[in-house]
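Novice: Protein chains in written order, with the numbering used here: chain A, -14 to 389; chain B, -14 to 389.
Ideal Cβ positions, reconstructed from N, Cα and C, are used throughout, including at glycine.
Please read all numbers here as calculations on a predicted model, not as lab measurements.
Structure provided below as structure tokens; questions to follow.
Next up, the structure:
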């Protein structure tokens, strides 16, 4: 069904009318001067709202969320392993199934503007494939509302508990889109063995790699270098993502520059959840040409009470933690949260060419769109208002924070 | 007029009924078992919402806000002096008077739950007393809705532009409640002269001192020590606030411990705006017994596009930047944002005795209250919902984000 989107301001510019057809933007014309409307077209009123590419959540844990359930006091203690144990001890006791919870969270994300998702699904000796299958089910529930790539993710490491690698491989046999890894030094204590398993499976099943790297400073740099070496040796340019990369915030300029140069040469991407205190160097990443996506991490789960399924809120958080004040830099955060993440999830997708690039709303671009209220793009990020319309594959899938 | 507040959950506990009379809490009883209602009492329905002490914004710049005006692209460049110049070059060109803007911002703050305020009012050779008088006028506009203390604040320093100190003294003659200072080393380059003027005026006009300290690391520590020495020499215990104190986040543990011990001994308080990247050490401050308040800083002004007049949102920001996940610590942020700030603004007010202290809702406490939606106090902070009722001096002054 052709959609005519009337009176929308692309990236906050002058109002335009758009024709959406075949899942892409088929025409863009100044408002009220557009082409004749096909008789069978659906008209969507932009009401002068800002039009952006839809949000891409490049790093979310749909398999642990409690969004929509009663609020539960936090019981975890510090550290990745302790947090994992807290989750392990509690997640099965939730009021609803993990498949229901993942679907509820995904619905809330879509309703707020996200139509492109890369989600982790924990696989380990406790969970088996239960959480992985739950995320697949949630994806199926919302198959016409969002595209979801699923990462088989060894949250508990690959070497600490016998059988972990076998379960990871099972998930890949069942169609996981991406193979995950985590803190090869700090968690598994044997970075070469850990990474050889991860990259070995990536080769065997022809899938990209996405590695959680919480390791600090020089340790994080060491692990990153091991990842880069394997990416190069295996010819996996464009197919590897380093998530978090907290250590980057602590590196001396010269080391950071060298690392980013190598990452750009190997087309390794990054995802961040905009944490407090260790911001990714967004400006240097953009200058180096490294793809960066934004994600929401856990969503009010056993790890943390934070997270509200709203990528616009998370975009504010990215700007805030980056200490950005200028409109251009705050808009860059929006570009990262939309097109940036899309290019992390799909390396073939359009990517940002520079800090000032505002792509995604031209003829031929995918009709993955969100309308948001706001005077300017920056104002929309600051105000985070609820009056949104979400478009996936050229069709309206949500309005006013509710699915349609 | 006596108010009966029915079915409210103090600090998230079991529902209670409260009698508010004479500006204080006169009675607290389990819900629906309360005392007979006086015939002329006004009944306010809590609807099971959480009852908290109202928010206290201990650090806000009412005199620069553009809340409520069209969004304006940010034009400032980095650094306190450059930002000050950007403000100086632009603030007079706003669409409405500064008195109107300050009143609009204050109204938005009250409507969101703040009834206790300590606001800066810039006084300098450019502004003269115009902004100071505007804040006084805004206070007058809302005199029955909030208590506002006004700081005469030399944002442009005292030594860089001849006549600055005279204007500061003029503001004190006109009734400023507090005398301000700023970065005695980094901005005015002569810390002793700067602080001698500030403390001299404090003595002459019998007012407290509140000093912006953006200075990093060891420089910030040096300035803090000079402030402490003067506090002690002049017997100003309980009457001095260090605002921001970014340098504290960078101090080695032993230096921090010594400084906090001295601050506690002199009863010097602090205020923070929960910035990205340099969190105040809240837990150590609480353990040392140092009073701490939260504030919102500039509110969408010429310094920054951030700020939305919502102290509940800023409380989330305090918890987030402090990396707090446990309910007790997130509730501590609420205690800081309410009672903590109240004790910074008025050293005679009730103060927090420890990290776990949740005071302010007992018989005899001031009837400065806010009802918020939420299952628990932490959930209320995470969700930041709009269904609030605000009570000042025992009377409802706002509901659903609107003044009544």
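1. Applying a beta-carbon distance threshold of less than 8 angstroms, which residues of chain B neighbour residue 94 of chain A?
2. Who does residue 264 of chain B pair with in a DSSP beta bridge?
3. Decide if residue 74 of chain A is buried, meaning its Cβ has at least 16 other Cβ atoms within 10 Å, or exposed.
4. Count the other CB atoms within 10 Å of the CB of residue -2 of chain A; is the residue buried (16 or more) or exposed (fewer)?
5. Using Cβ-Cβ distances below 7 angstroms, what residues of the stretch 353 to 380 of chain B are close to chain A?
6. Shorter than 9 angstroms from the beta carbon of residue 199 of chain B to some beta carbon of chain A?
7. Three or more C-beta pairs under 8 angstroms: does that hold for the stretch 160 to 167 of chain B against the stretch 185 to 197 of chain B?
8. Could you give the DSSP three-state label for residue 42 of chain B: helix, strand or coil?
9. Nearest by alpha-carbon distance to residue 359 of chain A: which of A:31, A:4 and A:9 is it?
10. Does the Cβ of residue 222 of chain B have 16 or more other Cβ atoms within 10 Å, making it buried, or fewer, making it exposed?
11. Check whether the Cβ of residue 161 of chain A lies closer than 9 angstroms to any Cβ atom in chain B.
12. Between the Cα of residue 56 of chain B and those of A:320, A:311, A:352 and A:334, spot the shortest distance and give me the residue it belongs to.
13. Which of helix, strand or coil does DSSP assign to residue 315 of chain A?
14. Can you tell which of B:284, B:255 and B:81 has the C-alpha that lies nearest to the C-alpha of residue 270 of chain B?
15. Is residue 285 of chain A close to chain B, meaning its C-beta is less than 9 angstroms from at least one C-beta of that chain?
16. At a Cβ threshold of 9 angstroms, is residue 35 of chain A touching chain B?
17. Between which two residues does the alpha helix (DSSP H) harbouring residue 253 of chain A extend?
18. Does residue 276 of chain B come within less than 9 angstroms of chain A when only Cβ atoms are used?
19. Are the stretch 62 to 71 of chain B and the stretch 124 to 136 of chain B in contact at 8 angstroms, needing three or more beta carbon pairs?
20. Could you tell me which of A:282, A:291, A:29 and A:268 sits nearest to residue 365 of chain B, measuring between CA atoms?
21. Mind listing the chain B neighbours of residue 310 of chain A? Cutoff is C-beta to C-beta under 7 angstroms, in chain order.
22. What does residue 31 of chain B pair with, by DSSP beta-bridge criteria?
23. For residue 72 of chain A, does the three-state DSSP call read helix, strand or coil?
24. Relative to the alpha-carbon of residue 93 of chain A, which residue among A:72, A:118, A:130 and A:307 has its alpha-carbon at the smallest distance?
25. Would you kindly work out how many angstroms separate the C-alpha atoms of residue 78 of chain B and residue 105 of chain B, rounded to a whole number?
26. Mapping DSSP to helix, strand and coil, what is residue -8 of chain A?
27. Confirm, please, whether the CB-CB distance from residue 330 of chain B to residue 108 of chain B is below 9 angstroms.
28. Does any C-beta atom of chain B lie closer than 9 angstroms to the C-beta of residue 176 of chain A?
29. Out of B:37, B:35 and B:17, point me to the one whose CA is closest to residue 28 of chain B's CA.
30. Between which two residues does the alpha helix (DSSP H) harbouring residue 103 of chain B extend?
31. Around the Cβ of residue 151 of chain A, are there at least 16 other Cβ atoms within 10 angstroms (buried) or fewer (exposed)?
32. Determine the contact status of residue 143 of chain A and residue 183 of chain A, defining contact as a CB-CB distance below 9 angstroms.
33. What residues match up with residue 228 of chain A in a beta bridge as DSSP calls it?
34. Using DSSP with H/G/I as helix, E/B as strand and the rest coil, what is residue 281 of chain B?
35. List the residues of chain B that residue 99 of chain A touches, going by C-beta distances under 7 angstroms, in chain order.
36. Confirm, please, whether the CB-CB distance from residue 251 of chain B to residue 213 of chain B is below 9 angstroms.
Specialist: According to the data block:
1. At a C-beta separation below 8 angstroms, residue 94 of chain A has no neighbours in chain B, since its nearest C-beta there lies roughly 16 angstroms away.
2. According to DSSP, residue 264 of chain B bridges with nothing at all.
3. Burial call: exposed.
4. exposed
5. In summary, the residues of the stretch 353 to 380 of chain B whose CB is separated from some CB of chain A by less than 7 angstroms are 360, 361, 363, 364 and 367, in the order they occur in the chain.
6. no
7. yes
8. Three-state DSSP puts residue 42 of chain B in a strand.
9. A:31
10. exposed
11. Closer than 9 angstroms: no.
12. A:311
13. helix
14. B:255
15. Chain B contact via Cβ: present.
16. no
17. It is not in any alpha helix (DSSP H) - residue 253 of chain A carries neither H nor E in the DSSP assignment.
18. no
19. In short, these stretches do not touch, since the Cβ pair count stays below three.
20. A:291
21. 59, 61, 289 and 290
22. BP columns for residue 31 of chain B are empty, so no partner.
23. helix
24. A:130
25. 20 angstroms
26. Three-state result, residue -8 of chain A: strand.
27. no
28. Interface with chain B (9 angstroms Cβ-Cβ cutoff): residue 176 of chain A is excluded.
29. B:17
30. Note, residue 103 of chain B: premise wrong, no alpha helix (DSSP H); beta strand (DSSP E) at 99 to 107.
31. exposed
32. yes
33. A:197 and A:256
34. coil
35. Those do not exist, as residue 99 of chain A stays about 19 angstroms from chain B at its closest Cβ, beyond 7 angstroms.
36. yes
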